[in-house]
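Under the working numbering, the residues of the sequence shown are numbered 5 to 339, in order. Don't be surprised by glycine CBs; every beta carbon is placed ideally from N, CA and C. Take a look at the structure below.
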Amino acid sequence: MNRILVTGTAGFIGSHVAQKLLERGDEVVGFDNLNDYYDVRLKQARLARFSDHPRYTHICADLADRGAVEAMFEAHQPQRLIHLAAQAGVRYAAENPHVYVSSNVVGFLHILEGCRHHGIDHLVFASSSSVYGANTKMPFSEHQSTEHPLTLYAATKKANEMMAHSYAHLYGIPATGLRFFTVYGPWGRPDMALFLFTRAILAGEPIKLFNHGLHKRSFTYVDDIVEGVIRTLDQVPAGAPAWNADAPDPATSSAPFRIFNIGNEQPVELLRYIEVLEQCLGRKAKMQMLPLQPGDVPDTDADVSDLIAAVGYRPRVPVEVGVAKFVTWYKGYYG
Numbered sequence: 005m006n007r008i009l010v011t012g013t014a015g016f017i018g019s020h021v022a023q024k025l026l027e028r029g030d031e032v033v034g035f036d037n038l039n040d041y042y043d044v045r046l047k048q049a050r051l052a053r054f055s056d057h058p059r060y061t062h063i064c065a066d067l068a069d070r071g072a073v074e075a076m077f078e079a080h081q082p083q084r085l086i087h088l089a090a091q092a093g094v095r096y097a098a099e100n101p102h103v104y105v106s107s108n109v110v111g112f113l114h115i116l117e118g119c120r121h122h123g124i125d126h127l128v129f130a131s132s133s134s135v136y137g138a139n140t141k142m143p144f145s146e147h148q149s150t151e152h153p154l155t156l157y158a159a160t161k162k163a164n165e166m167m168a169h170s171y172a173h174l175y176g177i178p179a180t181g182l183r184f185f186t187v188y189g190p191w192g193r194p195d196m197a198l199f200l201f202t203r204a205i206l207a208g209e210p211i212k213l214f215n216h217g218l219h220k221r222s223f224t225y226v227d228d229i230v231e232g233v234i235r236t237l238d239q240v241p242a243g244a245p246a247w248n249a250d251a252p253d254p255a256t257s258s259a260p261f262r263i264f265n266i267g268n269e270q271p272v273e274l275l276r277y278i279e280v281l282e283q284c285l286g287r288k289a290k291m292q293m294l295p296l297q298p299g300d301v302p303d304t305d306a307d308v309s310d311l312i313a314a315v316g317y318r319p320r321v322p323v324e325v326g327v328a329k330f331v332t333w334y335k336g337y338y339g
């Protein structure tokens with residue numbers, strides 16, 4: 005049994021990860037400030053699924069509160085850490101940039117300092133496919149350069165990767181960054197497309213389709229993400245002996261550091277995604293076609309060959325299955 009700190013346990017992915025760890029016998033220390041970026045009742049309902057578990061301890065505090073983070077490390081002495089807490093939402097960052105830096109950069113520094121001073125065995129942290137930014141070569145590979153993020157949110161995630169590498173190099177902290185690709189599923193975020201589309205279709209309201217619905221995304225079901233997170237947690241990275249500083253590979257390092265994509269290898273056009281949702285709901289969507297939003301990329305496509313080689317796993321749930329499971333949950337939760 006490991007004592008694992010999971011930040012963001014009231015969040016979409018974090019709640020699923022915490023529940024899975026408890027099911028396999030680990031002890032989980034959860035850390036979440038339950039902010040009001042979206043409905044706090046949904047966050048509380050996620051926590052309620054496991055908050056009474058005898059091997060779960062919850063701490064309600066903010067990552068930007070250095071004292072609270074230091075006290076948590078001192079009191080609970082976690083062995084491993086899964087860092088999923090962040091200020092989410094790509095478009096929200098344009099209106100509230102300081103919140104993103106406070107949570108995603110300053111907060112992450114506090115996490116790294118905790119790892120440094122308390123001998124964490126392995127730090128696994130959430131990055132994002134958004135770091136690929138202006139890249140157009142598909143599929144996106146961890147071995148590509150990611151020097152041109154198109155949003156502040158993406159820039160904070162790129163900063164996390166660079167900060168984690170520096171701590172791996174300076175202090176030997178094993179760190180693995182995971183670039184998630186368009187996660188969806190039960191208990192999802194109300195500000196994300198599937199949630200917004202479902203709510204609008206059921207209410208008979210139009211849905212907004214940016215880029216006229218011609219986006220392609222590596223839509224990835226949440227259970228696939230969770231499996232990838234836990235498998236990489238159990239695979240502690242070591243420095244790559246063949247790493248060449250004259251031709252540096254962005255995905256690996258001479259330090260104990262790795263980057264992996266976790267995404268479905270079969271990108272789906274947004275219009276097909278909506279068609280599947282219409283079939284599950286038994287209703288047709290009213291569509292409002294709009295141009296590409298600033299900061300959006302037309303397509304994402306995940307190369308997960310490194311993940312397969314390292315942990316023997318690839319995301320595999322098709323949208324026809326995943327969307328149906330989301331709709332079943334949505335109808336049950338909202339009645």
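Taking 8 Å as the limit between beta carbons, can you name the residues of its chain near residue i, skipping five residues before and five after?
i, result
"Q48", "A14 and L38"
"A242", "P178 and P260"
"G286", "none"
"R53", "S19 and Q23"
"K141", "Q148"
Please check if any C-beta of chain D sits within less than 8 Å of the C-beta of residue i.
i, result
"Q48", "The structure shown has no chain D; it contains just one protein chain."
Evaluate residue i with the Cβ neighbour count: other Cβ atoms within 10 Å of its Cβ, from every protein chain shown; 16 or more gives buried, anything less gives exposed.
i, result
"G339", "exposed"
"P295", "exposed"
"A89", "buried"
"E31", "buried"
"Q292", "exposed"
"N248", "exposed"
"V44", "exposed"
"L9", "buried"
"S149", "exposed"
"P82", "buried"
"R221", "buried"
"L174", "exposed"
DSSP three-state label for residue i, please.
i, result
"M291", "strand"
"I8", "strand"
"H57", "coil"
"I17", "helix"
"F35", "strand"
"R95", "coil"
"T202", "helix"
"H102", "helix"
Opposite residue i in the DSSP bridges: which residues?
i, result
"P210", "K290"
"V44", "According to DSSP, which records beta bridges pairwise, V44 is partnered with nothing at all."
Please return the same chain residues whose Cβ sits closer than 6 Å to the Cβ of residue i, not counting the five positions on each side in sequence.
i, result
"A255", "E146, H147 and I263"
"T160", "Y104, N108 and V109"
"H126", "R84, P178 and V240"
For residue i, which residues in the same chain have their Cβ closer than 7 Å to its Cβ, ignoring the five residues on either side in sequence?
i, result
"T236", "V128, T180, L182, F264 and V315"
"Y42", "R193, P194 and D195"
Jot down the residue ranges of each uninterrupted beta strand (DSSP E) in the region 261-319, minimum 3 residues, whole runs only, in chain order. 261-266 and 290-294
Which runs of the alpha helix (DSSP H) at least 4 residues long sit entirely within the region 107-193? Give them in chain order. 111-122 and 156-175
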